[in-house]
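Colleague: For reference, the structure I am asking about is given below.
There are 2 protein chains.
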Amino acid sequence: MEHYKITLSSDDVPTQWYNINADLPVELPMPKNSEGKDQIASLQKAFTKAGLEQEFSQERYIKIPSEVRELYMKMGRPSPLFRATNLEEYLNTPAKIYYKREDTSPTGSHKLNSAIPQAYFAKKEGVERLTTETGAGQWGTALSLACNLLDLDCTVYMVRVSFDQKPDRKNIMNIYNGDVYASPSENTEVGRQILAENPDHPGSLGVAISEAMEEALAYDEVKYTLGSVLNQVMLHQTVIGQELKTQLEIAEEEPDVMIACAGGGSNFAGSLFPFIKDKIDGNSDTQFIAVEPSACPTLTQGSYEYDFGDVNGFTPMLKMFTLGHDFVAPSVHAGGLRYHGMSPQVSLLTKEGYIEPRSAHQREVFEAGITFARNEGVLPAPETTHAIKVAIDEAIKCKETGEEKTIVLNFSGHGMLDLKGYASYFEGNMLDAK
Amino acid sequence: MEHYKITLSSDDVPTQWYNINADLPVELPMPKNSEGKDQIASLQKAFTKAGLEQEFSQERYIKIPSEVRELYMKMGRPSPLFRATNLEEYLNTPAKIYYKREDTSPTGSHKLNSAIPQAYFAKKEGVERLTTETGAGQWGTALSLACNLLDLDCTVYMVRVSFDQKPDRKNIMNIYNGDVYASPSENTEVGRQILAENPDHPGSLGVAISEAMEEALAYDEVKYTLGSVLNQVMLHQTVIGQELKTQLEIAEEEPDVMIACAGGGSNFAGSLFPFIKDKIDGNSDTQFIAVEPSACPTLTQGSYEYDFGDVNGFTPMLKMFTLGHDFVAPSVHAGGLRYHGMSPQVSLLTKEGYIEPRSAHQREVFEAGITFARNEGVLPAPETTHAIKVAIDEAIKCKETGEEKTIVLNFSGHGMLDLKGYASYFEGNMLDAK
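Note that the protein sequences, when read in sequence, are chains F and B.
Following the numbering used here, the numbering of the first sequence begins with 188 at its first residue and continues without gaps.
Following the numbering used here, the numbering of the second sequence begins with 188 at its first residue and continues without gaps.
Right, dumping it as structure tokens:
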């Protein structure tokens with residue numbers, strides 16, 4: 188019988204995270220301070236001890252604490268793997284297309300996989316409150332729920348323009364007990380200074396990071412969290428890829444092409460690092476494709492160099508692909524992919540040729556998302572449509588060559604809170620940023 | 188090990204629908220025409236042959252066509268059963284609470300279970316287009332997707348006030364290729380007449396039904412569909428309850444209390460009729476609770492009598508609990524529960540004492556929904572919060588009595604498109620309709 192869906196039982200939730208630092212083909216350049224500043228010291232103060240340890244760990248596997256593993260189960264992990272048979276038929280392709288359903292998380296994306304352990308380690312270290320910034324809102328949503336599950340307070344600084352434009356995102360964070368503030372806010376020194384100069388300041392991710400970090404630096408019982416870019420986040424997310432390995436074994440499939448979108452890199456790394464390990468080890472010739480918006484072409488057009496992780500230079504300098512820390516991406520709907528930099532690990536593996544980067548235009552990814560929804564039912568988030576677009580491209584190539592490739596993509600999140608983006612596609616007024 | 192989640196494989200999708208007509212404890216009163224009219228003839232013209240056959244069938248089990256069963260699988264059935272261990276712990280109850288996740292359907296509710304077979308039978312009979320009305324929008328969304336999957340056109344008449352207030356619902360129907368019109372529209376005689384008198388008419392479910400039926404009566408290649416109340420819908424939905432039986436067997440649980448919300452009755456019937464059969468047969472003493480809004484108390488305050496299914500008297504008269512076909516429910520957020528009548532089968536079984544009806548106020552069901560989301564992660568639709576409220580009440584009773592009851596509820600849909608309702612709860616301006 189056909190495999191339409193491959194589910195695993197709670198027992199199959201991985202027991203350890205995979206840390207690619209142990210297997211990188213060349214040495215990873217370390218973060219460094221910019222001249223005359225000590226951002227590394229700030230970072231050490233702002234993050235939990237466990238987080239910092241994981242950040243620089245060289246251990247290949249790190250045990251998932253049993254309480255975290257249990258919360259993964261309670262929140263529905265493992266996530267199912269689906270085969271897109273309707274889409275295959277529609278494309279009339281000999282290729283097989285599989286998609287791993289991270290949208291089935293209660294918060295609708297993969298973000299909870301790192302929010303839970305970050306909240307857990309903080310709780311264990313006696314932290315009372317976590318702060319973070321959020322742009323599109325997926326990370327702020329996941330962290331709000333994780334903090335509530337672990338009995339921590341959660342403060343989310345949401346870029347004011349998003350706060351005003353996306354009331355639903357604020358609403359869902361409130362439901363999960365998160366305290367959401369439009370940034371710049373009156374809560375912090377940074378925020379008050381900016382508002383004093385311009386009470387109508389629209390905010391930016393840089394400002395929101397500054398506000399969240401200011402609180403973590405000011406109070407011992409407050410720590411700062413980040414939903415992507417860092418190695419700890421990449422490794423937490425490898426529960427996706429490890430489950431996916433088990434599921435592809437059950438389906439008796441060897442993937443030829445594996446695809447994920449990439450903003451800061453966490454859903455890409457989480458779903459594909461466990462497979463890239465095999466390629467580094469010489470045991471696989473799978474093709475790995477990272478897809479980004481043409482509007483924010485970090486991997487395809489950026490430089491591989493030391494740059495700040497944030498706009499204001501609060502973070503240490505990281506060696507990564509970057510468009511420059513002052514790059515302002517056009518306001519595409521895929522808010523989660525509008526980041527100037529990229530995970531240092533994903534960057535290094537791209538530099539070394541293990542990952543092939545591609546970019547796609549906004550209108551064509553929405554078109555792919557609609558094709559997917561009409562055939563498979565599930566509505567993808569704007570970020571996820573990037574992976575779908577390339578999966579469809581690859582499947583069409585197979586139709587031309589007759590190759591029966593197995594294509595696997597990570598379906599990072601659903602688009603239920605992104606319907607305005609789809610509406611603008613239909614209304615014909617969508618920016619097709621190049 | 189604990190059962191957090193019980194998944195079934197695609198093979199476990201039921202092979203037949205269960206038809207409670209075969210097992211009703213007393214005879215079901217037949218639909219009848221009102222004086223001087225022949226609504227039964229209209230209905231016969233408006234519906235598919237297969238639909239009408241199922242409507243009056245006395246067969247206990249009706250085979251699910253293999254194409255329909257395959258589409259159920261492709262759209263992700265069977266749905267998982269979860270245990271609400273976090274909620275149990277929060278309530279400090281000895282009770283066990285399980286919830287069947289119909290929100291995992293791509294359209295976010297149970298409605299696709301009937302939309303797929305209705306579209307399938309129509310296609311088989313050479314129909315080219317289906318029409319329907321939608322209020323809250325769940326049924327229109329499911330029918331749009333089902334029609335697209337089966338290569339049928341779909342026209343949805345959406346009450347104008349909802350059309351204007353809920354652009355996201357319209358957007359998602361467009362994504363699924365549904366043609367959505369604000370009703371009253373210029374498409375139909377009825378619509379044009381109303382607009383001629385009042386160009387700003389806000390519309391009503393009654394008007395929308397009239398428009399959808401007018402088209403089905405005017406064209407042979409067009410048929411009309413309905414997402415609840417009818418027996419065919421009840422029986423299509425029994426895939427839920429049959430899966431749930433298998434899952435509870437795996438969990439080794441005998442349910443003491445089973446709960447579902449009830450508007451027209453389809454999610455209640457679908458999840459619980461297969462269990463109520465056992466009670467009718469004398470093999471079960473499970474308690475079955477149907478929960479409705481205090482604002483639309485059909486089962487708790489209505490009369491059991493013959494009444495029209497719609498406001499305008501286009502449908503035959505059905506013997507059911509009703510608040511009167513001209514009853515206008517206050518505008519509570521649970522749009523799917525604002526129906527004056529109730530499935531004749533659910534009505535009869537309530538009359539005969541097999542089903543216990545309860546009502547709940549709007550603010551208290553939203554509060555229950557928020558408690559659920561904060562503990563279990565998943566955000567319930569306003570309709571679903573009614574079942575959750577009563578499950579929590581029952582679990583609290585168990586805390587008082589020390590009883591270790593097994594409580595099972597049908598989680599009929601998610602609330603991702605209902606965040607404005609939650610916002611009004613937090614803003615303190617929610618109507619607590621009594």
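For glycine and all other residues, C-beta sits at the position ideal for the given N, C-alpha and C.
Assuming residue 592 of chain F contacts residue 282 of chain F (C-beta within less than 8 Å), just tell me the rounded distance between them.
Modeller: 5 Å
Colleague: Which residues in chain F sit within 7 Å of residue 247 of chain B, going by Cβ to Cβ distance?
Modeller: Chain F residues near residue 247 of chain B: none, gap ~27 Å exceeds 7 Å.
Colleague: Expressed to the nearest angstrom, what Euclidean distance is found between the alpha-carbon atoms of residue 286 of chain B and residue 222 of chain B?
Modeller: 45 Å
Colleague: Using DSSP with H/G/I as helix, E/B as strand and the rest coil, what is residue 561 of chain F?
Modeller: helix
Colleague: So the alpha helix (DSSP H) residue 460 of chain F belongs to, where does it begin and stop?
Modeller: 453-467
Colleague: So, is the C-beta of residue 415 of chain B closer than 8 Å to a C-beta in chain F?
Modeller: no
Colleague: Run through DSSP, which three-state label would residue 612 of chain F get?
Modeller: The DSSP-derived three-state label of residue 612 of chain F is helix.
Colleague: What are the start and end residues of the alpha helix (DSSP H) that includes residue 270 of chain B?
Modeller: Taken as a continuous stretch (DSSP letters only), residue 270 of chain B belongs to no alpha helix (DSSP H), being part of the beta strand (DSSP E) at 268-270.
Colleague: CB residue 529 of chain B to CB residue 485 of chain B, shorter than 8 Å?
Modeller: yes
Colleague: Along chain B, in chain order, which residues have C-beta atoms closer than 7 Å to that of residue 355 of chain F?
Modeller: 606
Colleague: Using 8 Å as the limit for Cβ to Cβ distance, is residue 135 of chain B near chain F?
Modeller: No statement about residue 135 of chain B is possible, as the shown extent of chain B runs from 188 to 621 and does not include it.
Colleague: Are three or more beta carbon pairs between the region 352-363 of chain F and the region 307-319 of chain F nearer than 8 Å?
Modeller: Taking 8 Å as the limit for Cβ pairs, the verdict is that the region 307-319 of chain F does not touch the region 352-363 of chain F.
Colleague: Give the interface partners of residue 332 of chain F over in chain B, defined as CB-CB distance under 9 Å, in chain order.
Modeller: Within chain B, the residues 560, 561, 564 have their CB atoms less than 9 Å from the CB of residue 332 of chain F, given in chain order.
Colleague: Give the range of the alpha helix (DSSP H) segment to which residue 477 of chain B is assigned.
Modeller: Segment 474-480 is the beta strand (DSSP E) holding residue 477 of chain B; no alpha helix (DSSP H) there.
Colleague: Which term fits residue 424 of chain F, buried or exposed, when burial requires 16 or more other beta carbons within 10 angstroms of its beta carbon?
Modeller: Note on residue 424 of chain F: 16 or more other CB atoms within 10 angstroms of its CB, so buried under the neighbour-count rule.
Colleague: For residue 261 of chain F and residue 272 of chain B, which I take to be in contact (beta-carbon distance under 8 Å), what is that distance rounded to the nearest angstrom?
Modeller: 6 Å
Colleague: By how many angstroms is the C-alpha of residue 527 of chain F removed from the C-alpha of residue 511 of chain F?
Modeller: 6 Å
Colleague: Please classify residue 431 of chain B: does DSSP put it in a helix, a strand, or coil?
Modeller: helix
Colleague: Nearest by alpha-carbon distance to residue 323 of chain F: which of F:392, F:247, F:379, F:339 is it?
Modeller: F:392
Colleague: So, under 8 Å CB-CB, residue 430 of chain F and residue 567 of chain F are touching, yes? Tell me the CB distance rounded to an integer number of Å.
Modeller: For a cut-off of 8 Å, the C-beta gap from residue 430 of chain F to residue 567 of chain F is around 19 Å, too long to register as a contact.
Colleague: When Cβ atoms are compared, which residues of the region 585-614 of chain B fall closer than 7 Å to chain F?
Modeller: 603, 604, 606, 609, 610, 613
Colleague: Quick one: using the 10 Å Cβ neighbour count with 16 as the cut-off for buried, is residue 362 of chain F buried or exposed?
Modeller: Result: buried.
Colleague: If I measure Cβ to Cβ from residue 394 of chain F and keep anything under 6 Å in the same chain, skipping five residues before and after, which residues do I get?
Modeller: 370, 371
Colleague: So residue 220 of chain F and residue 503 of chain F are supposed to be a Cβ contact under 8 Å. How far apart are they, rounded?
Modeller: Taking 8 Å as the upper bound for CB-CB distance, residue 220 of chain F and residue 503 of chain F are in contact here, some 6 Å apart.
Colleague: If the cut-off is 9 Å on Cβ atoms, which residues from the region 280-298 of chain F count as contacting chain B, listed in chain order?
Modeller: 288, 291, 292, 293, 294, 295
Colleague: Taking 8 Å as the threshold (C-beta atoms), are residue 521 of chain B and residue 480 of chain B in contact?
Modeller: yes
Colleague: With the cut-off set at 8 Å, would you say residue 476 of chain B and residue 427 of chain B are in Cβ contact?
Modeller: No, they are not a contact pair.
Colleague: Roughly how many angstroms separate the alpha carbons of residue 288 of chain B and residue 598 of chain F, rounded to a whole number?
Modeller: 20 Å
Colleague: Exposed or buried, what is residue 519 of chain F when buried is set at 16 or more other beta-carbons lying within 10 Å of its beta-carbon?
Modeller: The residue in question, residue 519 of chain F, is buried, as its Cβ has 16 or more Cβ neighbours within 10 Å.
Colleague: What separation, rounded to the nearest whole angstrom, lies between the Cα atoms of residue 569 of chain F and residue 578 of chain B?
Modeller: 36 Å
Colleague: List the residues that DSSP assigns as beta-bridge partners of residue 540 of chain B.
Modeller: Looking at the DSSP assignment, residue 540 of chain B forms no beta bridge with any residue, so it has no partner.
Colleague: Count the other CB atoms within 10 Å of the CB of residue 495 of chain F; is the residue buried (16 or more) or exposed (fewer)?
Modeller: buried
Colleague: With DSSP collapsed to three states, give me the class of residue 346 of chain B.
Modeller: strand
Colleague: Can you list, in chain order, the stretches of the alpha helix (DSSP H) that have 4 or more residues and sit fully within the region 391-416 of chain B?
Modeller: Inside the region 391-416 of chain B, DSSP marks whole alpha helix (DSSP H) runs of 4 or more residues at positions 392-405, from first to last along the chain.
Colleague: Which residues in the same chain as residue 193 of chain F place their Cβ atom closer than 7 Å to its Cβ, once the five residues preceding and following it in sequence are excluded?
Modeller: 267, 268, 434, 437, 438
Colleague: For the beta strand (DSSP E) containing residue 485 of chain F, name the first residue and the last one.
Modeller: First-last for residue 485 of chain F: 485-488, but that is the alpha helix (DSSP H), not the beta strand (DSSP E).
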